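If you read the protein sequences in the order shown, they are chains D and W. Taking numbering that gives the first Met the number 0, I'd label the letters of the first sequence as residues 0 to 386. Taking numbering that gives the first Met the number 0, I'd label the letters of the second sequence as residues 0 to 235. Using N, Cα and C, we set each Cβ at its ideal position, and we do this for glycine too. The structure presented is a predicted model; accordingly, all values stated were derived computationally and were not measured. Each remark here refers to the structure printed beneath this line.
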Amino acid sequence: MAPFVLVWRNLLRHPLRSVLTVLCVAIAVFLICFLRTMVTTLNAGVDAADNRRLAVMSRNGLFAALPLKYQAAIESIDGVELTTKFQWFGGYYRSQKNFFAQFAVDPETMFAMYPECKAPAEQIEAFRRNRTSCVIGSELVKEFGWKIGDTVPIIGSLNPHPEDKAWEFQVAGIYHSDVPNFDNRTLFLHWEYFEETLKAGGNPPGVGVFSIKIERDADAARVIADVEAAFEDSEQRVDCSTEAEFQRQFVTMFGNVPKFLGWIGSGVVVVILLACINTMLMALRDQAAEIGVLKSLGFTDMSMFMLLVAQSVLLCLLGGALGLGIAAGAEAPISEFMVKMFPGFAIHNDTFLLAGAAALAIGLIAGAAPAWRARNMPCVEAFRGTD
Amino acid sequence: MAHPMIRVRGLTKRYQRGGETLTVLDQLNLEMEEGRFYALMGPSGSGKTTLLNLIGGLDSPDEGELIVAGEDLADLSGADLAHWRSTNVGFVFQGFNLIPVLTARENVELPLKLTPLSRAQRRAQAETALKLVGLGDRMDHRPRQLSGGQEQRVAIARAIATDPKVILADEPTGDLDRKSAEQVLELLQRLNREFKKTILMVTHDPHAAERAQSIVHLDKGQLGRIEHNQAPVAAK
Numbered sequence: 000m001a002p003f004v005l006v007w008r009n010l011l012r013h014p015l016r017s018v019l020t021v022l023c024v025a026i027a028v029f030l031i032c033f034l035r036t037m038v039t040t041l042n043a044g045v046d047a048a049d050n051r052r053l054a055v056m057s058r059n060g061l062f063a064a065l066p067l068k069y070q071a072a073i074e075s076i077d078g079v080e081l082t083t084k085f086q087w088f089g090g091y092y093r094s095q096k097n098f099f100a101q102f103a104v105d106p107e108t109m110f111a112m113y114p115e116c117k118a119p120a121e122q123i124e125a126f127r128r129n130r131t132s133c134v135i136g137s138e139l140v141k142e143f144g145w146k147i148g149d150t151v152p153i154i155g156s157l158n159p160h161p162e163d164k165a166w167e168f169q170v171a172g173i174y175h176s177d178v179p180n181f182d183n184r185t186l187f188l189h190w191e192y193f194e195e196t197l198k199a200g201g202n203p204p205g206v207g208v209f210s211i212k213i214e215r216d217a218d219a220a221r222v223i224a225d226v227e228a229a230f231e232d233s234e235q236r237v238d239c240s241t242e243a244e245f246q247r248q249f250v251t252m253f254g255n256v257p258k259f260l261g262w263i264g265s266g267v268v269v270v271i272l273l274a275c276i277n278t279m280l281m282a283l284r285d286q287a288a289e290i291g292v293l294k295s296l297g298f299t300d301m302s303m304f305m306l307l308v309a310q311s312v313l314l315c316l317l318g319g320a321l322g323l324g325i326a327a328g329a330e331a332p333i334s335e336f337m338v339k340m341f342p343g344f345a346i347h348n349d350t351f352l353l354a355g356a357a358a359l360a361i362g363l364i365a366g367a368a369p370a371w372r373a374r375n376m377p378c379v380e381a382f383r384g385t386d
Numbered sequence: 000m001a002h003p004m005i006r007v008r009g010l011t012k013r014y015q016r017g018g019e020t021l022t023v024l025d026q027l028n029l030e031m032e033e034g035r036f037y038a039l040m041g042p043s044g045s046g047k048t049t050l051l052n053l054i055g056g057l058d059s060p061d062e063g064e065l066i067v068a069g070e071d072l073a074d075l076s077g078a079d080l081a082h083w084r085s086t087n088v089g090f091v092f093q094g095f096n097l098i099p100v101l102t103a104r105e106n107v108e109l110p111l112k113l114t115p116l117s118r119a120q121r122r123a124q125a126e127t128a129l130k131l132v133g134l135g136d137r138m139d140h141r142p143r144q145l146s147g148g149q150e151q152r153v154a155i156a157r158a159i160a161t162d163p164k165v166i167l168a169d170e171p172t173g174d175l176d177r178k179s180a181e182q183v184l185e186l187l188q189r190l191n192r193e194f195k196k197t198i199l200m201v202t203h204d205p206h207a208a209e210r211a212q213s214i215v216h217l218d219k220g221q222l223g224r225i226e227h228n229q230a231p232v233a234a235k
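Printed below as a string of structure tokens:
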């Protein structure tokens with residue numbers, strides 16, 4: 000085996016070169032963690048989707064509203080246990096930069112449909128009883144400092160108030176969800192208040208999405224087919240899909256973001272790999288005569304192979320450890336910073352493992368070519384150095 | 000003749016240079032006695048270093064038989080040859096060839112890492128070798144902190160650390176001033192005289208060659224005359 004002291008001292012021979020290589024690998028590992036976590040965060044909704052829930056939206060797109068009367072028709076389909084409806088409210092609090100989602104929902108069925116959306120029973124009841132109330136996510140409480148009983152003015156940009164003023168909702172409850180497909184930065188307002196107010200302005204609302212919960216033993220594919228068939232000849236045809244598929248469509252609405260992020264990550268790894276190969280070729284050039292000496296002392300060709308590979312692997316593992324440390328340390332601030340776009344940003348253990356494995360792989364691959372040359376280099380040639 | 004430490008029969012080595020075949024050693028026959036100090040002389044390109052490399056198992060001949068320390072080197076390859084080198088041969092190079100990132104002690108310890116000795120034994124043996132070459136007070140110095148003569152003495156300490164039978168020295172005084180060269184030559188003589196090492200030293204320097212008991216002349220890859228020095232010049 001190659002003496003470890005030589006592996007370590009050779010890395011310290013050109014401290015600046017080694018530090019720069021370690022930093023390169025650290026950046027690559029950090030980016031792998033960061034980009035992959037963006038993908039897993041985007042896909043979290045897909046992964047955590049309930050296979051008993053379906054989503055129904057207009058075939059013309061998410062922003063085309065469906066008639067309210069569709070709800071009764073859907074409920075009459077065999078295998079449907081429960082339905083609830085959502086409509087995007089589209090407003091802002093004080094300034095447009097304070098963006099967060101608001102949905103008009105039916106309080107009677109919404110919490111039954113989404114048990115992962117947890118709020119105290121008395122708060123749900125208060126929301127049900129008070130039509131001008133709302134339920135807000137725990138992240139909004141952190142961000143705006145709202146509490147139960149506060150009145151929250153929301154300016155309706157998509158659904159302006161008919162009296163040309165801000166909508167006002169009293170905070171009746173605060174929900175929190177631990178599953179990633181239900182973010183904690185949403186305001187739910189009462190459907191009846193929403194509908195009556197808009198009706199009074201002569202602009203009755205439609206429904207953005209109907210959620211369906213199917214019976215335990217129902218065949219989802221058959222229910223999907225029945226729902227779509229039910230409205231085939233209606234004023235608005237519908238698309239019905241599983242919740243997972245709906246989430247997937249949502250993720251890919253702006254293009255295939257996960258694939259794009261994957262390409263960026265792969266590009267970074269390839270560039271860093273080339274930089275590491277270059278570093279190790281320079282190391283071979285520096286150490287060629289010494290490899291000849293070591294062979295003359297009786298060290299085997301294989302131990303010279305290991306000497307170079309060990310240097311490369313150690314360099315990359317140091318970079319990997321630094322990158323993982325940076326990623327772990329930056330996780331909370333990044334999560335905080337990206338809460339609006341990527342709620343639930345959290346680096347999974349398998350991402351840390353993958354990034355660590357990538358550092359190891361870079362080390363092995365970058366060290367392999369110069370190590371192979373060192374292994375096969377005859378002593379007399381090694382004494383003369385290498386080009 | 001006493002038991003030969005090195006026996007060369009019909010040794011031939013050729014190199015390809017620019018599409019031309021160059022015969023560096025041509026059907027060379029030579030025997031070298033155990034425990035004797037040989038100087039190998041000859042003009043540039045006569046094949047001295049090539050012969051030294053072949054005897055040390057650093058290169059392989061195209062033809063011929065080469066038996067060193069009782070081992071036919073043609074029978075050894077790869078890891079076996081490396082192991083044979085570690086136990087039978089010590090090299091001293093013109094450019095010292097110490098590992099610059101290691102201290103003098105660590106350099107001398109390097110070949111001992113291939114032995115079953117414990118760390119403490121290796122350390123003790125390296126220190127003994129360094130004291131023998133007069134560098135007991137320079138053990139923790141790196142090569143860059145030593146003079147050329149001191150570096151070469153560290154290289155000699157490294158060459159003898161595993162107590163090899165043969166020491167092969169390629170122009171060991173070539174890069175040294177006269178005083179340092181004298182010290183190195185004295186050391187080689189002492190290793191031969193007191194420890195009965197068989198030494199083969201390539202040199203251009205007739206004064207250095209006078210320290211040897213035999214001077215072997217090579218010319219154009221062939222053996223020239225062999226001079227036996229009844230009274231080698233002693234250290235000054």
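Does residue i come out as helix, strand or coil in the three-state DSSP assignment?
| i | result |
| --- | --- |
| Met37(D) | helix |
| Thr241(D) | strand |
| Trp190(D) | helix |
| Asn183(D) | coil |
| His175(D) | strand |
| Ser233(D) | coil |
| Lys294(D) | helix |
| Asn28(W) | strand |
| Cys315(D) | helix |
| Ser132(D) | strand |
| Tyr91(D) | strand |
Consider the Cβ of residue i: report whether some Cβ of chain D lies at a distance smaller than 9 Å.
| i | result |
| --- | --- |
| Gly34(W) | no |
| Thr202(W) | no |
| Gly220(W) | no |
| Arg13(W) | no |
| Arg152(W) | no |
| Arg143(W) | no |
| Glu157(W) | It is Arg, not Glu, that sits at residue 157(W) in the sequence shown. Output row for Arg157(W): interface = yes. |
Can you pull the chain D neighbours of residue i, defined as C-beta to C-beta under 9 Å?
| i | result |
| --- | --- |
| Gly55(W) | Ser295, Cys378 |
Counting only beta-carbon atoms, is residue i nearer than 9 Å to chain W?
| i | result |
| --- | --- |
| Ala288(D) | yes |
| Pro257(D) | no |
| Arg8(D) | yes |
| Gly291(D) | yes |
| Phe143(D) | no |
| Asp386(D) | Any reading at Asp386(D) must be qualified, since the residue scores a pLDDT of 49, below 50, and its modelled position is unreliable; no value is offered. |
| Ala370(D) | no |
| Phe99(D) | no |
| Phe382(D) | yes |
Can you round the beta-carbon distance between residue i and residue j to whole angstroms, since I take them to be within the 8 Å contact cut?
| i | j | result |
| --- | --- | --- |
| Val165(W) | Leu134(W) | Actually they are not in contact, since the Cβ atoms of Val165(W) and Leu134(W) sit about 23 Å apart, beyond 8 Å. |
| Phe143(D) | Gly172(D) | Not quite, the Cβ-Cβ distance comes to about 15 Å (not below 8 Å), so this is no contact. |
| Leu39(W) | Gln221(W) | Their Cβ separation, rounded to whole angstroms, is 13 Å, which puts Leu39(W) and Gln221(W) out of contact at 8 Å. |
| Asn52(W) | Val379(D) | 6 Å |
| Arg121(W) | Leu111(W) | 4 Å |
| Gly366(D) | Met279(D) | 5 Å |
| Gly94(W) | Asp176(W) | Contact doesn't hold; Cβ gap of about 15 Å is too wide. |
| Ile271(D) | Cys23(D) | 5 Å |
| Gln391(D) | Phe102(D) | Nothing about residue 391(D) can be read from this structure; chain D reaches only from 0 to 386. |
| Ala381(D) | Ile290(D) | 5 Å |
Listing by chain order, which chain D residues have their CB less than 7 Å from the CB of residue i?
| i | result |
| --- | --- |
| Phe90(W) | Ser295 |
| Leu39(W) | Near Leu39(W) there are no residues of chain D at all, since even the closest Cβ is about 17 Å away, more than 7 Å. |
| His82(W) | Gly297 |
| Ala78(W) | Thr299 |
| Asn52(W) | Val379 |
| Ser85(W) | Leu296, Gly297 |
Identify the contact partners of residue i in chain W, using a Cβ-Cβ distance below 8 Å as the criterion.
| i | result |
| --- | --- |
| Leu15(D) | Here the premise fails: no neighbours, minimum Cβ distance about 16 Å. |
| Pro2(D) | Leu109, Lys112 |
So with CB distances below 9 Å, who are the chain W contacts of residue i?
| i | result |
| --- | --- |
| Leu5(D) | Ile98, Val100, Leu101, Glu105, Leu109 |
| Arg12(D) | Pro99, Val100 |
Checking contacts by CB at 9 Å: is residue i closer than that to chain B?
| i | result |
| --- | --- |
| Arg284(D) | In the structure shown, chain B cannot be found, because the protein chains are D and W. |
Name the chain D residues that come within less than 8 Å of residue i, Cβ to Cβ?
| i | result |
| --- | --- |
| Asp58(W) | Pro377, Cys378, Val379 |
| Ser43(W) | The premise fails here: Ser43(W) is roughly 16 Å from chain D at the closest Cβ pair, so nothing lies under 8 Å. |
Handout entry: Interface positions of the region 111-136 of chain W facing chain D (Cβ-Cβ less than 8 Å), listed along the chain
Key = Flagged, chain order: Lys112, Leu113.
Exercise for the section: Compile a chain-ordered list of the residues in the region 294-323 of chain D whose CB is closer than 9 Å to at least one CB of chain W. Expected result: Within the region 294-323 of chain D, the qualifying residues are Lys294, Ser295, Leu296, Gly297, Phe298, Thr299, Asp300, Met301, Ser302.
Exercise for the section: Select from the region 165-190 of chain W all residues with a C-beta closer than 8 Å to any C-beta belonging to chain D, and list them in chain order. Expected result: So nothing in the stretch comes that close.
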